[in-house]
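One structure below.
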Amino acid sequence: MSNNKIDCYFKKRCSQDNTSSPILETSSTVISEASPTKVQKLDQDSNCLNIERDPGLRKPIWDYSIDERDKIRRAYLKAGPYQGIPKYSLQHVDRHGRRFLPTWYKRFSDCEIINDKTGSSPKAAADGAYDLMMSFEFVLILHFVIELLEMTDDLCEILQYKSQDILNAMDAVTNTKELIQKFRESGWDDLFDKVKIFCEKREIDIPDMSAPHRSGRGRLRKENPIILEHHYRVDIFTSTIDSILQEMNYRFDENAVELLRLSSALDPKDGYKSFNINEICTLVEKFYPKDFNDHEKLHMKYQLADGHKRLTAMVLKTELCRFSGAKIYPGRGIRFIRSDSQVFLFANSKCKRYFHNRLRPAKLTWTAVYRKQHKKDAAAEAVKKRRRATKKPYSRSIVGATLEVIQKRRTEKPEVRDAAREAALREIKERIKKTKDEKKAKKVEVMSKQKTGKSNVSKGAAPKGPKLGGGGGKR
1 MSNNKIDCYF
11 KKRCSQDNTS
21 SPILETSSTV
31 ISEASPTKVQ
41 KLDQDSNCLN
51 IERDPGLRKP
61 IWDYSIDERD
71 KIRRAYLKAG
81 PYQGIPKYSL
91 QHVDRHGRRF
101 LPTWYKRFSD
111 CEIINDKTGS
121 SPKAAADGAY
131 DLMMSFEFVL
141 ILHFVIELLE
151 MTDDLCEILQ
161 YKSQDILNAM
171 DAVTNTKELI
181 QKFRESGWDD
191 LFDKVKIFCE
201 KREIDIPDMS
211 APHRSGRGRL
221 RKENPIILEH
231 HYRVDIFTST
241 IDSILQEMNY
251 RFDENAVELL
261 RLSSALDPKD
271 GYKSFNINEI
281 CTLVEKFYPK
291 DFNDHEKLHM
301 KYQLADGHKR
311 LTAMVLKTEL
321 CRFSGAKIYP
331 GRGIRFIRSD
341 SQVFLFANSK
351 CKRYFHNRLR
361 PAKLTWTAVY
371 RKQHKKDAAA
381 EAVKKRRRAT
391 KKPYSRSIVG
401 ATLEVIQKRR
411 TEKPEVRDAA
421 REAALREIKE
431 RIKKTKDEKK
441 AKKVEVMSKQ
451 KTGKSNVSKG
461 AAPKGPKLGG
471 GGGKR
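First residue of the sequence shown: 1, per full-length UniProt numbering; consecutive thereafter.
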């Protein structure tokens, strides 16, 4: 059997018959001639391929047929990296034509980052900002804003509370409006004096308030018929306050504020502490006149008085959470019934989950057990105990006095009665002081006797002590 190669079973294909391969522009320097002979023998067919060198124009590898992909890869590897265009065309960016020089790559191997600078330098912008901050108008506006923020700071804090007290919030809104209105009417002189003192300390130029106001900048500045004082006081000070008051009146309308204030009389907090019958009747007459007839309005005051007595006498029954020990009010909490019919009440789902996971309440800082073990509420308990302690009733009855003496004391003048009371109190204080002095004297006498008894003992004599050794006696 002759040694036949696999090539004899296939017909050789020339590059001219290949119609599927792309025919693109190429140069004689596409493939290096200094490649090893073995590579030339392996890629003798790939030398015939015409490949596009430009990465932006070349076809993706998957556009070629599967049989040609390996040949295309070998050809690109042999060709090496793309060297670019040897000569660039002129570009008329300005009056002179400019082109990119490829020799730049030979001189510099890395790219150079050129910062794009704007027309005005940062120093000029900083100088402009400094001049603006050192102007009288900037200082005036800054002090004006500080005054407004101080007046509205309390209102902002109150309105951000989650548990809102309606009555306090509405009072804060009304007080803030009054403060801003008062500042608008009589606050300009104090503000101007404060700004003037500030500018004198910092050596900031204070303009003449009677000079005409100029609007605009540079050549476009125009003189207005108004003076600087009118510009600062009316255009800046008064108009800003008017816009703030208008916004507050829009957000807190007088009718809405009054409705909320009257509705706070129905707040059940602290056992209906803010309950007010007159405000509830005013609320019905002013805002809900069609919801009640004349008969109900007439008897409403008596019904509210009777209901208020029952509400104050009502005791709110609370329960404790099985896990945290927190109070649970009626209608709150989560009830869990175990398979043995035992009922557990939890404050929230978190306590229920921790209970099922068998966590110990004593390990968590927010439970009542932990706080009791670490004596966190000791001060509060002491205060409660002091409050619970009831004073013993002091009897002021006149023992052994006749009817004539009692009537005489009732008819005597208050000045005489007060003088007698002060004399009695003075006598009691003297008696207490006398007993204390007697006790103190007795104590001093006992101490002196003890000292004299110790001094009578001779210094050389040894003090008596228990007998040691194996003598007789009881053991």
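Note that the Cβ used here is the ideal one computed from N, Cα and C, for glycine as well.
The structure presented is a predicted model; accordingly, all values stated were derived computationally and were not measured.
Backbone secondary structure at residue i - three-state DSSP
i, result
"GLU319", "strand"
"LEU57", "coil"
"LYS413", "coil"
"SER215", "strand"
"residue 490", "Outside the displayed span of the chain (1 to 475) sits residue 490, for which this structure offers no information."
"PRO225", "strand"
"GLU203", "coil"
"PRO289", "coil"
"THR103", "coil"
"GLU247", "helix"
"TYR82", "coil"
"HIS374", "coil"
"ILE197", "helix"
"ASN255", "helix"
"SER448", "helix"
"LYS38", "Its pLDDT being 39, under 50, LYS38 is placed unreliably in this model, and the coordinates cannot settle the point."
"SER274", "coil"
"GLU296", "helix"
"ILE51", "coil"
"ASP306", "helix"
"ASP242", "helix"
"ASP340", "coil"
"LEU311", "helix"
Close beta carbons around residue i, own chain, < 8 Å, minus the five adjacent residues each side
i, result
"LYS196", "ILE206"
"LEU132", "PHE138"
"TYR329", "LEU316 and THR318"
"GLU200", "ILE206"
"LYS297", "CYS281, VAL284 and GLU285"
"SER274", "LEU167, SER264, ALA265 and ASP267"
"ASN276", "ALA265"
"TYR76", "ILE51"
"ARG147", "The residue you asked about is not Arg; residue 147 is Glu in the sequence shown. Hits under 8 Å: PHE183, GLY187 and LEU191."
Beta-bridge partners of residue i, as assigned by DSSP
i, result
"GLN91", "ARG98"
"ARG335", "LEU345"
Sequence-distant residues of the same chain with beta carbon closer than 6 Å to residue i, five excluded per side
i, result
"ILE334", "PHE346 and LYS352"
"LEU283", "LEU262"
"ASP43", "Unreliable positioning characterises ASP43 in this predicted model, as indicated by a pLDDT of 45, which lies under 50. The coordinate reading is nonetheless provided below. Same-chain partners within the cutoff: ARG74."
"PHE344", "ARG322 and PHE336"
"ARG99", "TYR88 and LEU90"
"GLU251", "First, the amino acid is wrong: residue 251 is Arg here, not Glu. Cβ within range, chain order: n/a, list empty."
Terminal residues of the alpha helix (DSSP H) in which residue i lies
i, result
"ILE146", "136-159"
"PRO361", "Taken as a continuous stretch (DSSP letters only), PRO361 belongs to no alpha helix (DSSP H), as it is neither H nor E."
"LEU77", "66-79"
"ALA265", "No alpha helix (DSSP H) holds ALA265; DSSP gives it neither H nor E."
"MET170", "166-186"
"ASP208", "Per DSSP, ASP208 belongs to no alpha helix (DSSP H) and is neither H nor E."
"ASP131", "122-133"
Nearest-angstrom Cβ-Cβ length linking residue i and residue j, presumed shorter than 8 Å
i, j, result
"ILE166", "LEU304", "Rounded, the Cβ-Cβ distance is 19 Å, inconsistent with contact."
"PHE183", "ILE241", "7 Å"
"LYS194", "HIS143", "6 Å"
"CYS281", "LYS309", "At roughly 17 Å, the Cβ-Cβ gap does not stay under 8 Å, so CYS281 and LYS309 are not in contact."
"ALA362", "TYR354", "12 Å between Cβ atoms; not a contact."
"ILE227", "ALA211", "7 Å"
"ILE204", "PHE136", "6 Å"
"ASP127", "TYR82", "Actually they are not in contact, since the Cβ atoms of ASP127 and TYR82 sit about 50 Å apart, beyond 8 Å."
"SER324", "TRP366", "7 Å"
Residue i, enclosing beta strand (DSSP E) - first and last residue
i, result
"VAL234", "Note, VAL234: premise wrong, no beta strand (DSSP E); not H, not E."
Cβ neighbours of residue i in the same chain (closer than 7 Å, five flanking residues each side left out)
i, result
"GLU150", "none"
"ALA169", "ILE158 and LEU159"
"LEU140", "VAL195 and TYR232"
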